[in-house]
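Protein chains in written order, with numbering that gives the first Met the number 0: chain V, 0 to 349; chain P, 0 to 349; chain R, 0 to 349.
Think of the CB as a built atom: it goes at the ideal place given N, C-alpha and C, for glycine as much as any other residue.
Have a look at the structure below before the remarks.
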Amino acid sequence: MKRDPVGGPATICPAKQGYPRNCWYVAAFSAEVGRTLLRRTLLGEPVVMYRTERGDPIALVDRCPHRALPLSQGRLEGDAVRCMYHGMKFGADGVCLEVPSLPTAPKGLAVRTFPLVEQWKWIWIWMGDPAQADPALIPDSHTMGLNRPGFTAATRFMCEMQANYQLLHENLLDTTHVTYLHPNGFDGGNAVSASFKVDYFDNSVRLTREIQEDSSPFVNRFFGTTGVAYHRLLITETFPPNLNVISNVVTDRSDPSRTKMSVSPFPVTPGGPGHCYQFAATSMNFPCDVEAENAAFWKLFCQDRDVLEKIQKVFDEQGPDLPEYSVRADQAALWCRRKIFEMVNAEEKP
Amino acid sequence: MKRDPVGGPATICPAKQGYPRNCWYVAAFSAEVGRTLLRRTLLGEPVVMYRTERGDPIALVDRCPHRALPLSQGRLEGDAVRCMYHGMKFGADGVCLEVPSLPTAPKGLAVRTFPLVEQWKWIWIWMGDPAQADPALIPDSHTMGLNRPGFTAATRFMCEMQANYQLLHENLLDTTHVTYLHPNGFDGGNAVSASFKVDYFDNSVRLTREIQEDSSPFVNRFFGTTGVAYHRLLITETFPPNLNVISNVVTDRSDPSRTKMSVSPFPVTPGGPGHCYQFAATSMNFPCDVEAENAAFWKLFCQDRDVLEKIQKVFDEQGPDLPEYSVRADQAALWCRRKIFEMVNAEEKP
Amino acid sequence: MKRDPVGGPATICPAKQGYPRNCWYVAAFSAEVGRTLLRRTLLGEPVVMYRTERGDPIALVDRCPHRALPLSQGRLEGDAVRCMYHGMKFGADGVCLEVPSLPTAPKGLAVRTFPLVEQWKWIWIWMGDPAQADPALIPDSHTMGLNRPGFTAATRFMCEMQANYQLLHENLLDTTHVTYLHPNGFDGGNAVSASFKVDYFDNSVRLTREIQEDSSPFVNRFFGTTGVAYHRLLITETFPPNLNVISNVVTDRSDPSRTKMSVSPFPVTPGGPGHCYQFAATSMNFPCDVEAENAAFWKLFCQDRDVLEKIQKVFDEQGPDLPEYSVRADQAALWCRRKIFEMVNAEEKP
Chain V
0 MKRDPVGGPA TICPAKQGYP RNCWYVAAFS AEVGRTLLRR TLLGEPVVMY RTERGDPIAL
60 VDRCPHRALP LSQGRLEGDA VRCMYHGMKF GADGVCLEVP SLPTAPKGLA VRTFPLVEQW
120 KWIWIWMGDP AQADPALIPD SHTMGLNRPG FTAATRFMCE MQANYQLLHE NLLDTTHVTY
180 LHPNGFDGGN AVSASFKVDY FDNSVRLTRE IQEDSSPFVN RFFGTTGVAY HRLLITETFP
240 PNLNVISNVV TDRSDPSRTK MSVSPFPVTP GGPGHCYQFA ATSMNFPCDV EAENAAFWKL
300 FCQDRDVLEK IQKVFDEQGP DLPEYSVRAD QAALWCRRKI FEMVNAEEKP
Chain P
0 MKRDPVGGPA TICPAKQGYP RNCWYVAAFS AEVGRTLLRR TLLGEPVVMY RTERGDPIAL
60 VDRCPHRALP LSQGRLEGDA VRCMYHGMKF GADGVCLEVP SLPTAPKGLA VRTFPLVEQW
120 KWIWIWMGDP AQADPALIPD SHTMGLNRPG FTAATRFMCE MQANYQLLHE NLLDTTHVTY
180 LHPNGFDGGN AVSASFKVDY FDNSVRLTRE IQEDSSPFVN RFFGTTGVAY HRLLITETFP
240 PNLNVISNVV TDRSDPSRTK MSVSPFPVTP GGPGHCYQFA ATSMNFPCDV EAENAAFWKL
300 FCQDRDVLEK IQKVFDEQGP DLPEYSVRAD QAALWCRRKI FEMVNAEEKP
Chain R
0 MKRDPVGGPA TICPAKQGYP RNCWYVAAFS AEVGRTLLRR TLLGEPVVMY RTERGDPIAL
60 VDRCPHRALP LSQGRLEGDA VRCMYHGMKF GADGVCLEVP SLPTAPKGLA VRTFPLVEQW
120 KWIWIWMGDP AQADPALIPD SHTMGLNRPG FTAATRFMCE MQANYQLLHE NLLDTTHVTY
180 LHPNGFDGGN AVSASFKVDY FDNSVRLTRE IQEDSSPFVN RFFGTTGVAY HRLLITETFP
240 PNLNVISNVV TDRSDPSRTK MSVSPFPVTP GGPGHCYQFA ATSMNFPCDV EAENAAFWKL
300 FCQDRDVLEK IQKVFDEQGP DLPEYSVRAD QAALWCRRKI FEMVNAEEKP
């Protein structure tokens, strides 16, 4: 048994993957950020988020530069945040506006802010070098299926887990797992053994499975009825380090002109070494009751979370160097593992 | 004050003792292992145990070699275990039987198995070099009092504790503790000050106490009545690293031909650096209500467990180098401490 | 942003401050120590305290020198403590009086005792070199306001917190915090911006604030009525490493001959690297209902404790080298930080 027989650095532990910083990550759904202070740990740093009175989202380091109390323990005053220990007030640009014990705020006292971009219903954050924070680097809406004609898009939920984000990427990329971990959830039992191909691009890897099935609860929704035997393309594509998109293209085998499709973007955000967030949304060209679906899918996503947290614990307790055996279906996941590893290394070089 | 005045390596902390691997340890009572997956951590390694359809006990490393999920999270299929993440199936010999995403299972993919031997009502496991796993090395039944004519043997219970197994051995070997920790439990108040001798053998150490008492709840059971003044030999013998046996030989002082005896084997198994299991059984040549006794003894054993866990915490929090003062009654315990230390050292040499 | 712009060692993290050992610290209120065994962790060491039958307070290392069980798990027998594992008994002077398994206690077996001095309602402990334990080094009662004519003194409570004691000293020394952290608690809103001066002495630092206010719940108590516009001196003085005293001198602005005063001593005792105790008392020359006050003040003190525990957590999780920005009001706190740092360094030098 050896780690990573497909080739490449054998030393990358999927539970200990680092994270590139010069990159946009989803920090929150738009609806999560408002006129209260939201604390979230992103890439190992505490961040406090809120909206100005005009509605602009703001992200600051969640730590008063004076005596380190989290600003999220303080209060909003207009567009500013006041630390409730000694009363220091910081504007939405992070600049200190008031030190109550001084007649005027000292020059140069500020809390770090992070660039945010709100697109569709996501708030993207840039935790790296602000000079490189080009919004053009945000994954485009078409890729995420969010602006396609005839499609309706909706958010599902955020799923936080105590597991390295690499484990989540590998979960999303290796769709063989759906058959066993989610019986009757996402397939009719054939996904695991379906033929597949892997396509490699500069910035993504795509695994496409062709599935022949006569019925599955997941696909029945596409046609709004049971009894439609179908041909299904199950496509999972990861854009390291921050996004996975799973698409399903389903064709009625008795009427090949009848094709339905869903595209589900899953932004993935590292919280820390053993902690991440999955932001789930979906877009489809057929009618559906999103609220009912979300309740059902939440249970399925929790099955993944529980497994990934157990795997994280194995590596935490038994060490990062456990032997690991990979098979053909892991190719895409291993490419993603190496790709992120290279991105981190490239940033660490001077 | 100095550690270990009796002589020998002063550096062995009883809360940090290592464990030899080339040795049989009790992994479970027979009745604990059946047609469900039992996870237990033994010698620092996660192990999953179950029985085949024929009834043979099986032990595998409790970690899928593919992506590290504990196999105990999976399910039994006949004699095989299926990991419920990506569906890989492993036979009772550990060999991979099926990778659902591949047409045939890859050669050479297997999960490590551990030799097991079932004797009496114990299942013994060998976690070291399998080539050395000779069943003749298992402590014999006579030593454990399990096949003596006129004796009835019964299991009591397993007591798991967050303490190094060396602390448990020292607890069992230093019987002076019974008077204070278990008042009215195992003696009538005289055990602590009774005269004793220590006998050293190649593979064991035996401490024998001669106790004169007129009554104690523990001994009254031997004659099924109170009012019998007795002479008592309290014999504790440890066979490092995996077994302690405590025997009581009680003689009616008014009728020296009337002698009753109990032999209680206590296999001791390291779970990890600060974690162990005590497996308790007993054998006696007088009638007794084992079920009622077990309920009563469980409370007494928990007193030991609580003390040992508190001592473990002292060393964990305050460091392994705390000064320690030993007295004559600790001789046997110190011999055991050094013996195990040497066994571990001998294994670590190349 | 830089740590400690006022000058001095930039490397002292207030959440990681060490503690001098050759110094008296309050270990308990007199009323806390009696004829049961009280375990407390002081300067990183477990200590067990009790009183002899005559009433003298005793402090021993809370660990049996034989097999490390905390003595506080044992029992008092007259003036001695018996370990309830193997029954060893230690006198109030720490000397072993009995080893039940031996005919006589071994010479030289003892548990370490700590010098205690009971003054007013405090019990002071000396954890360092006993030869240097001079009671004259205990802070004097006059400084603490405990023997002034016309004043009534009372204990308030002990507040234990999971925070380094330096954080507590800085909390007590930077009285700007009362306005924001305790609105309507200790001032009428003007403390934060009041003018102040700092006086430095050999062994203490004193920060005096002059406050003009017309009313505050805290000060109304001084005159027993509302409606008295006053001039207030708010004086906080720290005697590193073990004591802070906060005094209030309040003068009726319409009748400057009418002055009332309170003096509140706060002994501060390190429990360990991220753990301390605050012992609160007060003395005043006006009538008050101490019991009702204590209930009200307890809530205010818990606000400080909660903030300090959150700050401790920030440094524990994010590292000791976080940038820190100090302002003029921090001068006294920074002096105290450096002073304690120097005391610790002086002790560590050979």
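query	result
Assuming M126 of chain R contacts L41 of chain R under a Cβ cut-off of 8 Å, what Cβ separation, rounded to an integer in Å, is found between them?	6 Å
Does any C-beta atom of chain V lie closer than 8 Å to the C-beta of H85 of chain P?	yes
So, for V343 of chain V: in the same chain, excluding its five sequence neighbours on each side, which residues have a beta-carbon less than 7 Å away from its beta-carbon?	G17, Y18 and P19
With three or more beta-carbon pairs closer than 8 Å as the criterion, would you say the stretch 116-133 of chain P touches the stretch 244-256 of chain P?	no
Can you tell which of R:L70, R:H230 and R:D288 has the C-alpha that lies nearest to the C-alpha of S256 of chain R?	R:H230
Got a sec: is the Cβ-Cβ distance from L206 of chain V to anything in chain P below 8 Å?	no
With DSSP as the reference, label H274 of chain R as helix, strand or coil.	strand
Could you name the residues of the same chain whose beta carbon sits closer than 6 Å to that of A58 of chain V, not counting the 5 residues immediately before and after it, in chain order?	V46, M48, F113, L115 and I124
Which residues does DSSP list as the beta-bridge partners of M283 of chain P?	P:T151 and P:S261
Closest by CA to A295 of chain V, which one among V:T35, V:F217 and V:G73?	V:F217
Where do the ends of the alpha helix (DSSP H) carrying Y164 of chain R lie?	Y164 to L172
By the DSSP assignment, the alpha helix (DSSP H) with K298 of chain R in it spans what residues?	V289 to Q317
With a floor of 3 residues, list each beta strand (DSSP E) that falls wholly inside the stretch 59-103 of chain V, ordered by position along the chain.	74-76, 79-81 and 95-97
Using a Cβ cut-off of 8 Å (strictly closer), state whether H274 of chain V contacts chain R.	no
Are the beta-carbon atoms of F195 of chain V and L206 of chain V separated by less than 8 Å?	yes
Is the distance from the Cβ of N170 of chain V to the Cβ of D305 of chain V below 8 Å?	no
Can you give me the Cβ contacts of P264 of chain R inside the same chain, cut-off strictly under 6 Å, excluding the 5 residues immediately before and after it?	M143, V244 and A280
Mark Q311 of chain V as exposed unless 16 or more other C-beta atoms lie within 10 angstroms of its C-beta, in which case mark it buried.	buried
Secondary structure at Q118 of chain R, three-state DSSP: helix, strand or coil?	strand
From P78 of chain R to E52 of chain R, what distance separates their C-alpha atoms?	According to the sequence provided, residue 78 of chain R is Asp. The question's Pro does not apply to it. Rounded to the nearest angstrom, the two C-alpha atoms are 6 Å apart.
Would you tell me roughly how many angstroms separate the C-alpha atoms of K348 of chain V and Q161 of chain V, rounded to the nearest one?	29 Å
Along the stretch 15-45 of chain R, what residues have a CB closer than 7 Å to any CB found in chain P?	none
Based on Cα-Cα distance, which residue from V:Y164, V:R337 and V:S261 lies nearest to T268 of chain V?	V:Y164
Quick one: Cα of P138 of chain R to Cα of D92 of chain R, how far?	26 Å
Ignore the nearest five residues each way along the sequence and tell me which others in G6 of chain R's own chain have a CB closer than 7 Å to its CB.	With a pLDDT of only 41 at G6 of chain R, under the threshold of 50, the placement of this residue in the model should not be trusted; the figure read from the coordinates follows. Counting only Cβ-Cβ distances below 7 Å, and skipping sequence neighbours, we find nothing.
Run through chain P and tell me which residues come within less than 7 Å of F314 of chain V, C-beta to C-beta.	A67
Kindly say whether C175 of chain P, judged by its beta-carbon, lies nearer than 8 Å to any beta-carbon of chain R.	Contrary to the premise, residue 175 of chain P reads as Thr rather than Cys in this sequence. For T175 of chain P, the answer is yes, since a Cβ of chain R falls inside 8 Å of its Cβ.
Which same chain residues end up closer than 6 Å to G43 of chain R when comparing Cβ atoms and leaving out the 5 residues on each side of it in sequence?	G271
Check whether the stretch 282-292 of chain R and the stretch 308-323 of chain R touch, using three or more Cβ-Cβ pairs below 8 Å as the test.	no
Whole angstroms is fine: what's the gap from P4 of chain V's alpha carbon to R111 of chain P's?	The predicted position of P4 of chain V is uncertain, since its pLDDT is 43 and thus under 50; no value can be drawn from it.
In chain R, what lies closer than 7 Å to I137 of chain P by C-beta?	Those within 7 Å of I137 of chain P in chain R number zero; the least Cβ separation is about 31 Å.
Taking F156 of chain V and N241 of chain V to be in contact with their CB atoms under 8 Å, please state how far apart those CB atoms are, rounded to whole angstroms.	Not really, about 18 Å apart at Cβ, beyond 8 Å.
Straight-line CA distance for E341 of chain R to D201 of chain R?	13 Å
Using 8 Å as the threshold, is the C-beta distance between E97 of chain P and P56 of chain P below it?	no
Please report whether the beta-carbon of T178 of chain P lies at a distance below 8 Å from any beta-carbon of chain R.	yes
Are the C-beta of L299 of chain P and some C-beta of chain R separated by less than 8 Å?	no
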